[in-house]
Amino acid sequence: MDAGASPARVGEPAGSLGRALAHGERLLSRAPALAIGQMREILGVVPGQPDALHLLARALALGPPDPAAWRLLGDHRARAGDPAGAEAAYLASLRVAVHDPALREAAGALADGRIAVAEPILRAFLKAHPTDIGAIRMLAEIAGRLGRYADAEALLTRALELAPSFDAARHNLALMLYRQNKAADALPHLRRLLAADPASAMLRNLTAAALGQVGDYDEAVTIWEGLLTEHPDQAKAWMSYGHALKTVGRAADSAAAYERTVALEPALGEAWWSLANLKTYRFDEDRLARMRALLADKLPEDDRLHLEFTLGKAAEDAGDPAGAFVHYARGNALGHARGGYDPGEIAALAARSRALFTPAFFAARPGGHPAPDPIFIVGLPRAGSTLIEQILASHRDVEGTMELPEMVAIARRIGGRPAKGEVARYPDALADLSAEDRAALGQEYLERTRIYRKTDRPYFIDKMPNNWAHTGLIHLILPNAKIIDARRHPMANGFSAWKQHFARGQGFTYDL
Numbered sequence: 058m059d060a061g062a063s064p065a066r067v068g069e070p071a072g073s074l075g076r077a078l079a080h081g082e083r084l085l086s087r088a089p090a091l092a093i094g095q096m097r098e099i100l101g102v103v104p105g106q107p108d109a110l111h112l113l114a115r116a117l118a119l120g121p122p123d124p125a126a127w128r129l130l131g132d133h134r135a136r137a138g139d140p141a142g143a144e145a146a147y148l149a150s151l152r153v154a155v156h157d158p159a160l161r162e163a164a165g166a167l168a169d170g171r172i173a174v175a176e177p178i179l180r181a182f183l184k185a186h187p188t189d190i191g192a193i194r195m196l197a198e199i200a201g202r203l204g205r206y207a208d209a210e211a212l213l214t215r216a217l218e219l220a221p222s223f224d225a226a227r228h229n230l231a232l233m234l235y236r237q238n239k240a241a242d243a244l245p246h247l248r249r250l251l252a253a254d255p256a257s258a259m260l261r262n263l264t265a266a267a268l269g270q271v272g273d274y275d276e277a278v279t280i281w282e283g284l285l286t287e288h289p290d291q292a293k294a295w296m297s298y299g300h301a302l303k304t305v306g307r308a309a310d311s312a313a314a315y316e317r318t319v320a321l322e323p324a325l326g327e328a329w330w331s332l333a334n335l336k337t338y339r340f341d342e343d344r345l346a347r348m349r350a351l352l353a354d355k356l357p358e359d360d361r362l363h364l365e366f367t368l369g370k371a372a373e374d375a376g377d378p379a380g381a382f383v384h385y386a387r388g389n390a391l392g393h394a395r396g397g398y399d400p401g402e403i404a405a406l407a408a409r410s411r412a413l414f415t416p417a418f419f420a421a422r423p424g425g426h427p428a429p430d431p432i433f434i435v436g437l438p439r440a441g442s443t444l445i446e447q448i449l450a451s452h453r454d455v456e457g458t459m460e461l462p463e464m465v466a467i468a469r470r471i472g473g474r475p476a477k478g479e480v481a482r483y484p485d486a487l488a489d490l491s492a493e494d495r496a497a498l499g500q501e502y503l504e505r506t507r508i509y510r511k512t513d514r515p516y517f518i519d520k521m522p523n524n525w526a527h528t529g530l531i532h533l534i535l536p537n538a539k540i541i542d543a544r545r546h547p548m549a550n551g552f553s554a555w556k557q558h559f560a561r562g563q564g565f566t567y568d569l
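Mapped onto this note's numbering, the consecutive letters of the sequence shown carry residue numbers 58 to 569.
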């Protein structure tokens with residue numbers, strides 16, 4: 058930079074700044090890269106200087122791709138109270154990020170599945186450049202691949218705070234929310250994305266799946282019907298459509314949708330099981346032979362598991378208990394091998410809960426949210442919770458919903474994710490909740506479950522069986538809620554679960 062063009066320092070006369078700006082403007086046409094450097098120096102001394110920001114934007118439009126300079130422009134515009142200008146700069150930095158060697162290396166490692174290489178590069182990069190939305194999104198992708206959905210959600214939320222028009226990050230966030238059973242939070246993002254791209258089959262399918270997750274099956278069915286009219290060869294979309302049709306009571310149409318699924322993708326075991334799980338469907342000899350032939354071939358374990366249970370159900374319906382037991386045993390062996398179930402972990406949780414949740418514990422912690430609305434039905438799967446719900450929901454004051462994930466999500470958030478070898482903080486962490494915390498969590502549960510309520514009845518049912526592990530939490534945050542423990546003879550309960558638990562349908566898919 059020319060000696061006479063040095064930017065103004067603190068206490069220097071304004072003329073020095075004026076000369077530096079003038080020199081930068083002269084550089085624009087013949088050397089934009091030098092003009093960018095000149096404006097960086099000025100902004101380093103006089104943050105947010107409006108003329109320098111204007112010249113930097115012009116230089117970037119003329120000069121070589123410079124993601125760091127675009128980020129700098131975005132940061133200064135944000136500080137100057139210009140969120141729209143900041144967003145435009147951050148999005149521009151994203152478009153030229155391919156020219157940053159660190160981001161190129163991270164992206165290549167991520168594409169190759171070398172997460173252990175990509176993650177430290179991105180963390181170091183973001184430590185130096187915390188507003189780089191491309192790096193934030195890549196780090197979120199790593200968190201998603203590792204199953205750290207809450208971390209991915211936080212990162213993507215930050216990216217959208219910086220650049221609300223960053224649609225790729227918005228789609229990723231919607232998916233992360235859906236995977237965490239936060240469909241109610243995902244839907245506003247999906248509707249915004251669909252407004253910009255209403256023809257997107259992927260967005261429409263994910264939106265329909267999210268609607269199903271919150272109980273809006275009629276709209277979900279409408280979306281799938283339109284989607285499948287345009288894309289009739291998408292097997293998994295037909296299966297998702299079948300799930301929704303079954304839920305709204307259109308059993309014959311549901312069976313037809315599942316049959317269409319297996320016609321398109323014969324080895325999709327979940328679709329065969331979905332037919333069997335209609336309870337009234339009967340397989341003819343041709344379909345039974347097709348399933349046996351599939352089992353004789355190489356199949357992914359998940360498809361094999363579902364086919365074994367389907368053939369077990371078919372044999373049971375045909376009055377062949379010996380044959381049914383053979384298939385059920387094979388299916389359960391596959392389920393047990395992949396399940397990762399640790400009975401010791403469950404026993405430890407129960408023991409710690411019994412030790413913690415004494416009458417004195419609750420007496421010392423009054424309060425919580427006073428609403429009496431929820432009725433929790435807990436217990437082992439196949440214990441009769443659905444029957445109890447149907448009986449209660451026949452009352453004019455009680456609304457049936459579904460197995461709601463909100464209480465489990467609250468418990469996981471309180472307990473955190475223990476490191477390998479560490480003892481989980483839950484349920485002991487509940488002892489540290491203040492009266493304000495307990496009331497706020499009760500309010501949060503009520504707000505997050507409101508989307509599932511379709512009537513104005515004063516009470517509603519949450520029949521998530523796994524809430525048995527969170528009855529202490531429920532009583533702390535919603536002391537006036539009712540809790541019903543559904544119990545069945547252990548042998549009957551165990552046998553019913555053995556026949557069906559591992560083969561239960563996986564719900565809505567979003568792949569298209």
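C-beta: ideal position from N, C-alpha, C; glycine also.
Cβ of residue i within 8 Å of Cβ of residue j?
{"i": "residue 530", "j": "residue 450", "result": "no"}
{"i": "residue 502", "j": "residue 456", "result": "no"}
{"i": "residue 327", "j": "residue 384", "result": "no"}
{"i": "residue 371", "j": "residue 391", "result": "no"}
{"i": "residue 284", "j": "residue 313", "result": "no"}
{"i": "residue 486", "j": "residue 499", "result": "no"}
{"i": "residue 148", "j": "residue 220", "result": "yes"}
{"i": "residue 162", "j": "residue 199", "result": "no"}
{"i": "residue 308", "j": "residue 279", "result": "no"}
{"i": "residue 187", "j": "residue 153", "result": "no"}
{"i": "residue 365", "j": "residue 380", "result": "no"}
{"i": "residue 5", "j": "residue 84", "result": "Any property of residue 5 remains undetermined from this structure, which presents the chain solely from 58 to 569."}
{"i": "residue 292", "j": "residue 277", "result": "no"}
{"i": "residue 539", "j": "residue 433", "result": "yes"}
{"i": "residue 437", "j": "residue 522", "result": "yes"}
Who pairs with residue i in a beta bridge, going by DSSP?
{"i": "residue 433", "result": "519, 540"}
{"i": "residue 287", "result": "For residue 287, which the question treats as bridged, DSSP gives no partner whatsoever."}
Please report the distance separating the alpha-carbon of residue i from that of residue j.
{"i": "residue 98", "j": "residue 195", "result": "30 Å"}
{"i": "residue 73", "j": "residue 130", "result": "22 Å"}
{"i": "residue 505", "j": "residue 241", "result": "8 Å"}
{"i": "residue 349", "j": "residue 182", "result": "54 Å"}
{"i": "residue 228", "j": "residue 193", "result": "14 Å"}
{"i": "residue 518", "j": "residue 551", "result": "25 Å"}
{"i": "residue 520", "j": "residue 189", "result": "43 Å"}
{"i": "residue 100", "j": "residue 232", "result": "39 Å"}
{"i": "residue 151", "j": "residue 465", "result": "37 Å"}
{"i": "residue 418", "j": "residue 535", "result": "15 Å"}
{"i": "residue 197", "j": "residue 171", "result": "15 Å"}
{"i": "residue 332", "j": "residue 374", "result": "13 Å"}
{"i": "residue 224", "j": "residue 234", "result": "15 Å"}
{"i": "residue 334", "j": "residue 311", "result": "11 Å"}
{"i": "residue 574", "j": "residue 480", "result": "Residue 574 is absent from the model: the chain starts at 58 and stops at 569."}
{"i": "residue 214", "j": "residue 423", "result": "35 Å"}
{"i": "residue 165", "j": "residue 210", "result": "23 Å"}
{"i": "residue 69", "j": "residue 94", "result": "Only weak support exists for where residue 69 lies, its pLDDT of 41 falling under 50; the value from the coordinates is given anyway. Their Cα atoms are separated by approximately 21 Å."}
{"i": "residue 555", "j": "residue 382", "result": "10 Å"}
{"i": "residue 103", "j": "residue 167", "result": "38 Å"}
May I ask which residues mark the beginning and end of the beta strand (DSSP E) holding residue i?
{"i": "residue 456", "result": "455-459"}
Could you tell me the boundaries of the alpha helix (DSSP H) in which residue i lies?
{"i": "residue 304", "result": "292-304"}
{"i": "residue 525", "result": "That residue, residue 525, is in no alpha helix (DSSP H); it is neither H nor E in DSSP."}
{"i": "residue 403", "result": "400-413"}
{"i": "residue 242", "result": "240-253"}
{"i": "residue 485", "result": "Residue 485 -> no alpha helix (DSSP H), and no H or E assigned at all."}
{"i": "residue 223", "result": "Element bounds for residue 223: n/a, residue is neither H nor E."}
{"i": "residue 383", "result": "378-396"}
{"i": "residue 140", "result": "140-152"}
{"i": "residue 339", "result": "It is not in any alpha helix (DSSP H) - residue 339 carries neither H nor E in the DSSP assignment."}
{"i": "residue 188", "result": "Run containing residue 188: none; DSSP gives neither H nor E here."}
Between residue i and chain C, is the shortest Cβ-Cβ distance under 8 Å, so that the two count as touching?
{"i": "residue 145", "result": "Among the chains of the structure shown, chain C does not appear; only one protein chain is present."}
(message) So, does the segment 425-444 touch the segment 393-405, judging by three or more C-beta pairs under 8 Å?
(response) no
(request) Count the C-beta pairs between the segment 127-142 and the segment 104-113 that are closer than 8 Å, then say yes if the count reaches three, no if not. (result) yes
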